[in-house]
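Chemist: Residue numbering for the sequence shown follows our numbering, beginning at 524 and increasing consecutively. Here it is, the structure, as structure tokens.
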Amino acid sequence: MAGITSINLIASDGYVMSAPAETYADADVYIMLNRDGDDLEYPRSCLPDQRSMYWVKNLAKIELTPGESAAQHKQGSIKRIGFFREALSELGAVELNNRGNAVRAYPLAAYFETFGKEMPQLPVTIIARDGHVKTEVAEIFLASYVTFEAEADRESDLPLYFSEDMSLGMRVKQLDLVLSGEEAIFFGSEIPVSSLFELVGMAEAESYRFVASDGFLVEIPAEAIPFGTIYTDESKGYIRAKFDGYDLSDVPGGGKVKYLIAIESGA
């Protein structure tokens with residue numbers, strides 16, 4: 524299924540589970556009509572050697588999502604990384620219901636309108652910390668939210684990609700990255716710069732612009748990237764960057780950046 528990034532397995536009750544191309548790239552997708560010799564009232568999807576969540580009972584429909592999968596996403600194609608947590612104060616939270624709990628949630632459409640390079644038009648790739656990958660059409664993605672609040676004992680699910688109308692199977696726990704065209708959005712709070720570049724497939728450049736939400740900007744040479752760390756200032760709450768072990772005394776701020784909102788590839 525060339526050009527298909529995921530299949531949506533839809534049950535008769537409206538439940539939807541999205542299976543990214545990586546889950547069936549080297550295997551077949553089966554539809555079970557009977558089990559143990561007994562006919563099933565509704566078919567059931569079957570993805571051998573995959574997690575049980577992809578084995579959807581009472582299967583009513585399968586939808587194909589076109590676009591570029593995470594595996595097909597070209598290394599070196601990302602030219603800008605945005606930091607979602609730094610944008611929170613500008614986005615403004617809305618109160619939504621998540622599994623019966625009122626949570627503050629932040630609209631993804633507002634992020635791209637305010638901080639994004641451009642609004643997504645094609646399907647985006649959503650990546651969780653546990654390695655789960657989901658492809659989402661732009662219309663649904665831009666109507667969705669991210670929350671950093673959870674009920675007791677579910678804090679490990681955060682950040683959570685969701686909307687009130689989205690079925691549990693379509694939500695993404697432990698949201699880490701979104702890839703949209705030449706742009707990536709990072710939802711974490713701390714990571715070595717080199718690791719982040721590797722995760723997103725950052726374009727190679729002689730230098731990179733570290734951009735702060737207050738307008739500060741500094742050009743960091745590529746040689747310094749292995750020394751860099753992105754982290755949250757626990758006392759102030761904003762995202763910072765530092766480069767311990769590399770002499771950046773000749774650049775503004777000595778290479779230390781407060782309120783980090785984006786990294787852009789230079790020339």
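Quick reminder that beta carbons are idealized off the backbone N, C-alpha and C, glycines included.
Assuming Val-626 and Thr-670 make a contact with CB atoms under 8 Å, what is their CB distance in whole Å?
Modeler: 5 Å
Chemist: Report yes if the CB atom of Gly-751 is closer than 7 Å to the CB atom of Phe-739, and no otherwise.
Modeler: Contact: no.
Chemist: DSSP puts Thr-755 in a beta bridge; with which residues?
Modeler: Ile-762
Chemist: Could you give the residue range of the beta strand (DSSP E) that holds Tyr-629?
Modeler: DSSP places Tyr-629 inside the beta strand (DSSP E), whose first and last residues are 624 to 630.
Chemist: Sorted by chain position, which residues of the same chain lie with C-beta nearer than 7 Å to Leu-631's C-beta, five sequence neighbours on each side aside?
Modeler: Phe-664, Leu-665, Ser-667, Tyr-668 and Val-669
Chemist: Would you kindly check if the distance between the Cβ of Phe-733 and the Cβ of Val-723 is under 7 Å?
Modeler: No, they are not a contact pair.
Chemist: Buried or exposed, going by whether 16 or more other CB atoms sit within 10 Å of the CB of Ala-548?
Modeler: exposed
Chemist: For Arg-608, does the count of other Cβ atoms within 10 angstroms reach 16, so buried, or fall short, so exposed?
Modeler: It is buried - the Cβ of Arg-608 has at least 16 other Cβ atoms within 10 Å.
Chemist: Spell out the partners DSSP gives Met-576 in its beta bridges.
Modeler: Looking at the DSSP assignment, Met-576 forms no beta bridge with any residue, so it has no partner.
Chemist: Quickly, what does DSSP pair Asn-581 with across the bridge? List them, please.
Modeler: Its beta-bridge partners do not exist; DSSP assigns none.
Chemist: Count Cβ pairs between the stretch 600 to 614 and the stretch 565 to 576 that sit closer than 8 Å; are there 3 or more?
Modeler: no
Chemist: Just the C-alpha distance for Pro-799 and Glu-586, rounded to the nearest angstrom, thanks.
Modeler: Residue 799 is absent from the structure shown; the chain starts at 524 and stops at 790.
Chemist: Could you give the distance in angstroms between the alpha-carbon of Ala-673 and the alpha-carbon of Thr-637?
Modeler: 26 Å
Chemist: Quick one: give me the first and last residue of the beta strand (DSSP E) that Val-647 is part of.
Modeler: 647 to 651
Chemist: For the beta strand (DSSP E) containing Arg-558, list its first residue and its last residue.
Modeler: 553 to 558
Chemist: Going by alpha carbons, who is nearest to Val-617 out of Ile-650, Glu-687, Lys-640 and Met-555?
Modeler: Glu-687
Chemist: What residues in its chain sit with their C-beta under 7 Å from that of Gly-584, if we drop five residues either side in the sequence?
Modeler: According to the sequence shown, residue 584 is Lys rather than Gly. Ile-533, listed in sequence order.
Chemist: What is the residue span of the beta strand (DSSP E) that Phe-606 lies within?
Modeler: Taken as a continuous stretch (DSSP letters only), the beta strand (DSSP E) holding Phe-606 covers 603 to 606.
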